[in-house]
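All remarks here apply to the structure that follows.
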Amino acid sequence: MGITRFPARAEGLADRMAGFIAHLRLNGLRVGPRETGEALAALAAVKATDPAEARMALAALLAGDAEDWRRFDELFDAYWFNAGRARERQAPGAHVRVQSARPKLWQPHFGEEESGGPGAEPDQADSGEGEAEGTEGRLIATRGENLSRRDLRELMDDDSLARAEAAAEAIARAIRDRLSRRRRAASRGEALDLRRIMRTSLTRGGEPIELHRRARPPRPMRVVALLDVSGSMSVHARIFLAFLRGLVGAAEADAYLFHTRLMRVTDALRDHDTLRAAARLSLMAEGFGGGTDISGCLERFMAGYGARALGGRTLVMIVSDGYCTSPPERLGAALARLRRKARRVVWLNPLGGWQEHAPVARAMSAARPHLDAMLPANTLEALTALENEFSRL
Amino acid sequence: MSIKTLQAELAREGYVADDRLAMALHLAQSLGRPLLLEGPAGVGKTEVARAMAGVMNTELIRLQCYEGLDASHAIYEWNYQRQLLAIRAAEAKGGMDEAALFSAAYLLRRPLLEAISREEPPVLLIDEIDRADEEFEAYLLEILSDFQITIPEIGTIRARSRPLVILTANGTRDLSDALRRRCLYTFIGYPDRETELAILRARMPGLEARLARQIVGVVQALRAEELEKTPGIAEMLDWAAALSGLGVNDLAQAREEVQATLVCLLKTAADSDAAPPEVMDRLIGKVA
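For the protein sequence lines, the chains are A and F, in the order given. Per full-length UniProt numbering: the first sequence ends with 393, consecutive numbering throughout. Per full-length UniProt numbering: the second sequence ends with 288, consecutive numbering throughout.
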């Protein structure tokens, strides 16, 4: 491994260090001019003539997280030892889109959806020739029961939409009514604010007459809902759109639709006419049709909206049947990242009996370890029952 | 102090630090910057601080973070009960000095204030910073940049000495970029076989060499299995202590003891199921 020959105009160590910092920044490390000075100071504190020591010192100083830490050696060699400079140039453009390769397994499923999906009117959706064989047994078992136990795909009338919305509002309330763990001064509250009592008692000769109190102020959770509107979900789309609308109306919520693309629909959902909003959105959703790239969409969500939408008080709700064109490992990795940025991650699955359906089960078992809860949402009753689950989260 | 001598001194405290960690600690000392340690549970992140306190022959001040941690638990709080008593006592005697009521005597120093008011620089360990919430992180950032704390009744307290600050995190929440930029960073992963053997030797010098090799070998092999909770160094040491306590000196001859003591290594039901006797026999067979 040869040592990099720097151009003659690069003067001294400071210049080269600035170049190194720029090189790191190009490769995605969050470093800036301030770090240049600090790097030089760090080198002064060690035996800078020993490359191993210099490398370790700079790694400790310039890496910001585990990912940086892992890549640092490579980047260090690339700059100072002339290795892989060509590769570094390529890096920004080397982003490969993975969607095109679709496993054979999915082909029949898509074909079926393209013929029956987009035009799925309420009565047609009833046919029961769903794409998921796994749900078949459960469907038959519940059809004899009352309406609210019937599969969601059969329910498209106003009443059911209204009830889905009501269920969402109940959930939103359960999430919203959270109290902070810190206490703040308040006119009424369970704890005495001794600090303020002492302070004001001084003006009365040390007699604590005015009692101030502290209470835990409300600290509502925000909700980020990601709804899968791909072909396989289009039969459920309307009911879940109504559900989403309920969430957006009642809580501090942010709603997104995804299939192979991702779009933010929070504003569209604030439309006051439920049915019009639902119809408009499901039209939009069905317009895209086709397959699902859950992990790709999650990645794009985190890269784009993530920084603003996610935080320590965010509950992420993913509504999807788990049909995904990309490998389960990628879904697991994306969820692991999401999990670290959000407070809670919950997956609602409208597909009863997905356990029996191998591709879904694989995706879901990859997702499982990174979820706080995986809840069924296949009947209106199940949706209503979610309120209790969410108040526990 | 070069990193080799630092390593040697840490070893005297019973801590085996690799080159990178020693370098980061050395830089943290010489540049006066906080050091952020990340890594899986049970690889000795917290132990670093204890060992450093031993090397520097100074005190370790520890702040354990949790959700809802606030200023009155992390920085300072007035001792209200004492203040009230003092007021009553002053009334009885007649005439009271208000300034005295808000003096250091009535101040409860919490870890952060404690750490900056020492003559000798202590080691300040801020454990599991990712468990505290974002508001606290922002506050901490302020203290870590100026090393001064303002108490309205007294004024600004400046650090008499700069403590060596060590923060640990294991990824329950992403830390802010601002905090990461302030800190030096080191990722501590699971050690390799030789390092782990050195750790076991440092911690349990009386252990037979063959048994030590077997224990480390089995634990290393277990880490390669798919487990929910991968056993860390702390678990390995527990297991070694349990085995030597039972008088085991060869794992291959002690199947029952091995199964009985697996509770030290495997901490969930699923993991216990993943390591039935046959699997353990296979792992032990490999290292024996």
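Backbone N, C-alpha and C fix where the C-beta goes; we use that ideal spot for every residue, glycine too. Predicted, not measured: the structure shown is a model, and the values here were computed from it.
Practice problem: Check each residue of the stretch 120 to 139 of chain F: if its Cβ is closer than 7 Å to any Cβ of chain A, include it; give the result in chain order. | Solution: Along the stretch 120 to 139 of chain F, going in chain order, the ones with a CB nearer than 7 Å to a CB of chain A are D133 and E134.
Practice problem: Starting from A303 (chain A), find everything on chain F with Cβ-Cβ shorter than 8 Å and list it in chain order. | Solution: Mapped onto the first sequence, residue 303 (chain A) falls at position 303. Result: empty, since nearest Cβ-Cβ is about 14 Å, beyond 8 Å.
Self-check item: Beta-bridge pairing of R214 (chain A) - partner residues as DSSP gives them
Solution: On the first sequence, residue 214 (chain A) is found 214 positions in, with the first residue counted as 1. When beta bridges are read from the DSSP output, R214 (chain A) appears opposite A:A185 and A:A191.
Self-check item: Distance between A212 (chain F) and T5 (chain F) (C-alpha atoms, nearest Å)
Solution: Indexing the second sequence from 1 puts residue 5 (chain F) at position 5. Indexing the second sequence from 1 puts residue 212 (chain F) at position 212. Distance between T5 (chain F) and A212 (chain F), taken at the CA atoms: about 27 Å.
Practice problem: Below 7 Å between beta carbons is the criterion; list the residues of the stretch 54 to 86 of chain A that meet it against any residue of chain F, in chain order. | Solution: M56, A57, A59, A60, L61, A63, G64, D65, A66 and W69: these are the residues of the stretch 54 to 86 of chain A whose beta carbon lies less than 7 Å from some beta carbon of chain F, given in chain order.
Quiz item: Taking C-beta to C-beta, are R188 (chain A) and R213 (chain A) nearer than 8 Å?
Solution: Position 188 of the first sequence, counted from the start, is the residue given in the question as residue 188 (chain A). Position 213 of the first sequence, counted from the start, is the residue given in the question as residue 213 (chain A). It is a contact, given that the beta carbons lie within the stated cut-off.
Quiz item: Name the chain A residues that come within less than 7 Å of R173 (chain F), Cβ to Cβ?
Solution: As a position in the second sequence, residue 173 (chain F) is number 173, starting the count at 1. Residues of chain A whose Cβ lies closer than 7 Å to the Cβ of R173 (chain F) are, in chain order, G312 and R340.
Self-check item: Nonlocal neighbours in the same chain, by C-beta distance under 6 Å from T384 (chain A), ignoring five residues either side
Solution: By 1-based counting over the first sequence, the position of residue 384 (chain A) is 384. Once the five neighbours on either side are set aside, the close Cβ partners of T384 (chain A) are A167.
Quiz item: According to DSSP, is R109 (chain F) helix, strand or coil?
Solution: Along the second sequence, read from residue 1 onward, the residue named residue 109 (chain F) stands at position 109. Here R109 (chain F) sits in strand by DSSP.
Quiz item: For residue 394 (chain A), which option in A:R245, A:N349, A:A253 and A:T325 has the closest C-alpha, if you only look at C-alpha atoms?
Solution: Here chain A comprises residues numbered 1 to 393, so residue 394 (chain A) is not present and cannot be evaluated.
Quiz item: Is it right to say E145 (chain A) is buried, meaning 16 or more other beta carbons lie within 10 angstroms of its own, or is it exposed?
Solution: Stepping through the first sequence from its first residue, residue 145 (chain A) is reached at position 145. In this prediction, E145 (chain A) scores a pLDDT of 35, lower than 50, which makes its location untrustworthy; the coordinate-derived value is nonetheless stated afterwards. Exposed is the call here.
Quiz item: Based on Cα-Cα distance, which residue from F:T46, F:A17, F:E13 and F:Q83 lies nearest to N57 (chain F)?
Solution: Stepping through the second sequence from its first residue, residue 57 (chain F) is reached at position 57. If we check each option's Cα against that of N57 (chain F), F:E13 comes out closest.
Practice problem: Would you tell me roughly how many angstroms separate the C-alpha atoms of L125 (chain F) and R109 (chain F), rounded to the nearest one? | Solution: Mapped onto the second sequence, residue 125 (chain F) falls at position 125. Mapped onto the second sequence, residue 109 (chain F) falls at position 109. Near 16 Å, if we compare the C-alpha coordinates of R109 (chain F) and L125 (chain F).
Self-check item: 7 Å CB neighbourhood of residue 290 (chain F) in its chain, flanking five on each side removed
Solution: No statement about residue 290 (chain F) is possible, as the shown extent of chain F runs from 1 to 288 and does not include it.
Quiz item: Considering only C-alpha positions, which residue in the set F:A28, F:G42 and F:T46 is nearest to A39 (chain A)?
Solution: Counting from 1 along the first sequence, the entry for residue 39 (chain A) is found at position 39. It is F:A28.
Quiz prompt | Bounding residues of the alpha helix (DSSP H) (the contiguous stretch that carries R173 (chain A)) | solution = Taking the first residue of the first sequence as position 1, residue 173 (chain A) is located at position 173. Looking at the DSSP string, the run of the alpha helix (DSSP H) that includes R173 (chain A) is D158 to R176.
Quiz item: How long is the line joining the alpha carbons of R308 (chain A) and R339 (chain A), rounded to whole angstroms?
Solution: As a first step, residue 308 (chain A) is located in the first sequence; it is residue number 308 there, counting from the start. As a first step, residue 339 (chain A) is located in the first sequence; it is residue number 339 there, counting from the start. If you draw a straight line from the Cα of R308 (chain A) to the Cα of R339 (chain A), it is about 15 Å long.
Quiz item: Any beta-carbon of chain F closer than 8 Å to the one on G206 (chain A)?
Solution: The residue labelled residue 206 (chain A) in the question sits at position 206 within the first sequence. So, interface residue.
Exercise. Look at the alpha carbon of I166 (chain F) and the alpha carbon of V46 (chain A), and state the distance between them as a whole number of angstroms.
Key: As a working mapping, residue 166 (chain F) is identified with position 166 in the second sequence. As a working mapping, residue 46 (chain A) is identified with position 46 in the first sequence. Approximately 20 Å between the Cα atoms of the pair.
Practice problem: Give a yes or no on whether the C-beta atoms belonging to L107 (chain F) and Y139 (chain F) are separated by under 8 Å. | Solution: The count along the second sequence starts at 1 and reaches residue 107 (chain F) at position 107. The count along the second sequence starts at 1 and reaches residue 139 (chain F) at position 139. Not closer than 8 Å, so no.
Quiz prompt | Close Cβ partners of P40 (chain F) (< 6 Å) along its chain, the five nearest in sequence each way excluded | solution = In the second sequence, counting from the first residue as 1, residue 40 (chain F) sits at position 40. Excluding sequence neighbours, P40 (chain F) sits near nothing in its chain.
Quiz item: Residues of chain A with a CB under 8 Å from the CB of D192 (chain F): which are they?
Solution: Position 192 of the second sequence, counted from the first residue, corresponds to residue 192 (chain F). What D192 (chain F) touches in chain A: nothing, since even the nearest Cβ is about 16 Å away.
Self-check item: Unbroken alpha helix (DSSP H) run spanning N79 (chain F), endpoints
Solution: Counted from its first residue, the second sequence places residue 79 (chain F) at position 79. Taken as a continuous stretch (DSSP letters only), N79 (chain F) belongs to no alpha helix (DSSP H), as it is neither H nor E.
Exercise. Compare the C-beta of R30 (chain A) against all C-beta atoms of chain F and say whether one is closer than 8 Å.
Key: Indexing the first sequence from 1 puts residue 30 (chain A) at position 30. At least one CB atom of chain F sits nearer than 8 Å to the CB of R30 (chain A).
Quiz item: Taking the alpha carbon of E210 (chain A) as the point to measure from, which residue in A:I197, A:A191 and A:R222 has its own alpha carbon closest?
Solution: Position 210 of the first sequence holds residue 210 (chain A). It is A:I197 whose Cα lies nearest to the Cα of E210 (chain A).
Self-check item: Three-state class that DSSP yields for V265 (chain A) in the structure shown
Solution: Within the first sequence, the letter at position 265 stands for residue 265 (chain A). Secondary structure of V265 (chain A) (DSSP, three-state): coil.
Exercise. State the DSSP-derived secondary structure class of L29 (chain A), mapped to helix, strand or coil.
Key: Residue 29 (chain A) sits at position 29 when you count from the first residue of the first sequence. In the structure shown, L29 (chain A) sits in coil (DSSP, three-state: anything other than H, G, I, E or B).
Quiz item: Among F:E47, F:E98 and F:A105, which residue has its Cα nearest to the Cα of E38 (chain F)?
Solution: Translated into the one-based positions of the second sequence, residue 38 (chain F) becomes position 38. Selected option, being the one with the closest Cα: F:E47.
Quiz item: How about Q83 (chain F): is its C-beta nearer than 8 Å to some C-beta of chain A?
Solution: As a working note, residue 83 (chain F) is residue 83 in the second sequence. Nearest CB-CB separation between Q83 (chain F) and chain A: below the 8 Å threshold.
Exercise. Can you pull the chain F residues whose beta carbon is under 7 Å from the beta carbon of L202 (chain A), in chain order?
Key: Mapped onto the first sequence, residue 202 (chain A) falls at position 202. Simply E98.
Quiz prompt | Beta-carbon proximity of L200 (chain F) to A241 (chain F), cut-off 8 Å | solution = Start at 1 with the first residue of the second sequence, and residue 200 (chain F) comes out as number 200. Start at 1 with the first residue of the second sequence, and residue 241 (chain F) comes out as number 241. Cβ atoms of L200 (chain F) and A241 (chain F): not closer than 8 Å.
Exercise. Would you mind reading off the limits of the alpha helix (DSSP H) that contains V216 (chain F)?
Key: Here residue 216 (chain F) refers to the residue found at position 216 of the second sequence. For V216 (chain F), the enclosing alpha helix (DSSP H) begins and ends at A209 to A224.
Quiz item: Residue ranges of each beta strand (DSSP E) run of no fewer than 3 residues wholly in the stretch 309 to 386 of chain A, ordered along the chain?
Solution: List check, beta strand (DSSP E) in window: 314 to 319, 344 to 349 and 373 to 376.
Self-check item: Residues of the stretch 358 to 376 of chain A with Cβ closer than 8 Å to any Cβ of chain F, in chain order
Solution: In summary, the residues of the stretch 358 to 376 of chain A whose CB is separated from some CB of chain F by less than 8 Å are P369, in the order they occur in the chain.
Quiz item: If we count the other Cβ atoms within 10 Å of its Cβ and call it buried at 16 or more, is N388 (chain A) buried or exposed?
Solution: If you number the first sequence from 1, residue 388 (chain A) lands on position 388. It is exposed - the Cβ of N388 (chain A) has fewer than 16 other Cβ atoms within 10 Å.
Quiz item: What does G155 (chain F) pair with, by DSSP beta-bridge criteria?
Solution: To locate residue 155 (chain F), count along the second sequence from 1; it is residue 155. Under DSSP, G155 (chain F) shares a beta bridge with F:I151.
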